[in-house]
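Just below is one structure, and these are the notes that go with it.
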Amino acid sequence: MLLLAAAIGGNYYYGSESLLIRTLGVVALSLVAVGIALTTAKGRYVNRLRKEAWVEVRKVVWPTRQETTQTTLIVIGVVLLVALILWGIDSLLGLVVSRVIG
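Take the sequence shown: its position 81, counted from the start at 1, is 81 in UniProt numbering, and no numbers get skipped.
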């Protein structure tokens with residue numbers, strides 16, 4: 001946390017310097033902070049969790065282009081159908097209310 005605070009504080013302190021230099025400084029200190037954080041128990045746990053998540057992502061069976069296209073078309077069709085139904089209900093209720101109000 002101190003390194004991140006130093007990066008932010010340094011960015012403001014050296015505000016007159018080039019944006020590129022300040023950005024590189026913030027990125028460098030942030031990378032050092034992440035490196036230090038990964039050496040802690042929680043950091044090792046997060047790194048292990050990241051690796052396990054990547055293993056699970058590789059196990060996923062991703063849909064083919066045809067399946068994706070068909071599913072997208074079905075979703076668009078259902079959305080249009082529901083939109084028409086809601087438009088019809090809205091029109092009907094508007095007509096009823098205008099008749100009641102006069």
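Glycine is no exception: its CB is placed at the ideal position from the N, C-alpha and C atoms.
For this session: Provide the residue span of the alpha helix (DSSP H) that contains residue 103, from first to last.
Result: Absent from the model: residue 103. The displayed extent of the chain is 1 to 102, so no value can be given.
Problem set entry | C-beta contact flag for leucine 3 and leucine 19 at 8 Å | no
For this session: Kindly give me the distance between the Cβ atoms of alanine 7 and valine 34, rounded to whole angstroms, as I take these residues to be in contact under 8 Å.
Result: With 8 Å as the limit, alanine 7 and valine 34 do not qualify as a contact, their Cβ atoms being about 12 Å apart.
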